[in-house]
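Q: Going left to right, the sequence shown walks through residues 0 to 262 as numbering that gives the first Met the number 0 numbers them.
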Amino acid sequence: MTTVVNYAIAIAATILIAAVAVLMYILYLQAATSAFGSVTTMPVVTTTTPTTPMTTVTTPETSSSHIISTVLYIATPNVTECVNLGRQYIYYFNITVDRKRLEDPVGHYIFKAVVRNVTYNLTTATLLPLKSVYFKPYSQADVRRLGIINIYLELTSRTPLQIDAVEYLGKRYPIDKIVYIVCINGIRFRGAFNKIVSNSTILIPTDIPYAINVALPSGTYRIAAPPDVEVSPQMLQGGNITVMIKFVNKPLVYNPLILEVSR
Numbered sequence: 000m001t002t003v004v005n006y007a008i009a010i011a012a013t014i015l016i017a018a019v020a021v022l023m024y025i026l027y028l029q030a031a032t033s034a035f036g037s038v039t040t041m042p043v044v045t046t047t048t049p050t051t052p053m054t055t056v057t058t059p060e061t062s063s064s065h066i067i068s069t070v071l072y073i074a075t076p077n078v079t080e081c082v083n084l085g086r087q088y089i090y091y092f093n094i095t096v097d098r099k100r101l102e103d104p105v106g107h108y109i110f111k112a113v114v115r116n117v118t119y120n121l122t123t124a125t126l127l128p129l130k131s132v133y134f135k136p137y138s139q140a141d142v143r144r145l146g147i148i149n150i151y152l153e154l155t156s157r158t159p160l161q162i163d164a165v166e167y168l169g170k171r172y173p174i175d176k177i178v179y180i181v182c183i184n185g186i187r188f189r190g191a192f193n194k195i196v197s198n199s200t201i202l203i204p205t206d207i208p209y210a211i212n213v214a215l216p217s218g219t220y221r222i223a224a225p226p227d228v229e230v231s232p233q234m235l236q237g238g239n240i241t242v243m244i245k246f247v248n249k250p251l252v253y254n255p256l257i258l259e260v261s262r
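(1) Roughly how many angstroms lie between the CA atoms of N93 and I211, to the nearest whole one?
(2) Return the residue from the list V142, S156, R100 and I180 that minimises the CA-CA distance to K130.
(3) Determine the extent of the beta strand (DSSP E) in which N93 is found, giving its start and end residues.
(4) According to DSSP, which residues form a beta bridge with C182?
(5) Using DSSP with H/G/I as helix, E/B as strand and the rest coil, what is P128?
(6) Run through the DSSP bridge pairs and tell me what T241 is partnered with.
(7) What do you reckon, are the CB atoms on Q87 and R143 nearer than 7 Å?
(8) Candidates E80, D97 and C81: which alpha carbon is nearest I67's?
(9) In this structure, does DSSP put V114 in helix, strand or coil?
(10) Going by DSSP, what residue range makes up the alpha helix (DSSP H) through N83?
(11) Report the rounded CA-to-CA distance for K99 versus V252, giving the unit in angstroms.
(12) Please classify L256 as buried or exposed, where buried requires at least 16 other C-beta atoms within 10 Å of its C-beta.
(13) Can you give me the C-alpha to C-alpha distance between L126 and L84, rounded to a whole angstrom?
(14) Using 7 Å as the threshold, is the C-beta distance between K176 and V247 below it?
(15) What I want to know is whether the C-beta of D97 ends up closer than 6 Å to one or more non-hydrogen atoms of the ligand MN.
(16) In three-state terms, what does DSSP make of N77?
(17) Throw me the rounded Cβ distance for the V196 and R189 pair, which I believe falls under 8 Å.
(18) So, do the region 147-166 and the region 211-228 have three or more beta carbon pairs nearer to each other than 8 Å?
(19) Among V105, P76, V113 and R115, which residue has its Cα nearest to the Cα of Y151?
(20) Quick check on DSSP: helix, strand or coil for V142?
(21) Quick check on the burial criterion: 16 or more other C-beta atoms within 10 angstroms. Buried or exposed for M243?
(22) Where does Y172 fall in DSSP's three states?
(23) Using DSSP's beta-bridge definition, name the partner residues of R221.
(24) What does the alpha-carbon distance come out to for the pair K135 and L258?
(25) Going by beta carbon distance, what residues of the same chain come within less than 6 Å of Y167, once the five residues before and after it are set aside?
(26) How would you label L145, buried or exposed, when you count the other beta carbons within 10 angstroms and need 16 or more for buried?
(27) Buried or exposed for P204, going by 16 or more other Cβ atoms inside 10 Å?
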């Protein structure tokens, strides 16, 4: 009986010792956790390279060719008859074009004269260039290149035309300047000094002066011109002199042009 009791006591003591050991282990863990403090978890920072949006580069379209200016020269029937071109109106066009692209044509066929919303085909300039160095002919070489080019065209008519614009590549461009043409069938000084300066028949646009050279005897002279004509200088000293003749913007004919000279 005593043996059984001792055995029970031994078992109880063993259980008690084990419980105390477990309790001490738990207390140890709590103390260790308090010693190290709380642990804060840092978020992981991911660096993302910003994505550059795709840039679309659009090449600007080359602007189309266009007219910069148009000067219209008019020879009326009295002027054309003076140079044996018959009685007709000749309209001479000096068209300055900025040709941007080779696919934009600049041949004579692409230009049209506009008269009250009615268009007229233009032809290459051939008539006036035959009669005067002041009017250039149509150049086939110019229509093959790019850049600033001048196109010389003509339009003939038996009746007067009120030309308002020039049509090119579907657009209409107003006439920038209208210039009449005069015809001179010889130039003569008369009076205190008599001399035939020229026997030639020439066409002169009124927007430029015409120069003549003359040798005067010694002395002082005064030159008087007919109406619608200006000469400079009006007072001349003897010697080799250059006289500039300027015409008003009218279709004039002189057969010949006489300049009166007095002393």
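Virtual Cβ for every residue (Gly too), placed ideally from N, Cα, C.
A: Reading from the atomic positions:
(1) 26 Å
(2) I180
(3) Y88 to R98
(4) L202 and V252
(5) helix
(6) N212
(7) no
(8) D97
(9) strand
(10) No alpha helix (DSSP H) holds N83; DSSP gives it neither H nor E.
(11) 41 Å
(12) buried
(13) 8 Å
(14) no
(15) Here there are no bound small molecules, and the ligand MN is not part of this structure.
(16) helix
(17) With 8 Å as the limit, V196 and R189 do not qualify as a contact, their Cβ atoms being about 11 Å apart.
(18) no
(19) V105
(20) helix
(21) exposed
(22) strand
(23) M234 and S261
(24) 29 Å
(25) I66 and F110
(26) exposed
(27) buried
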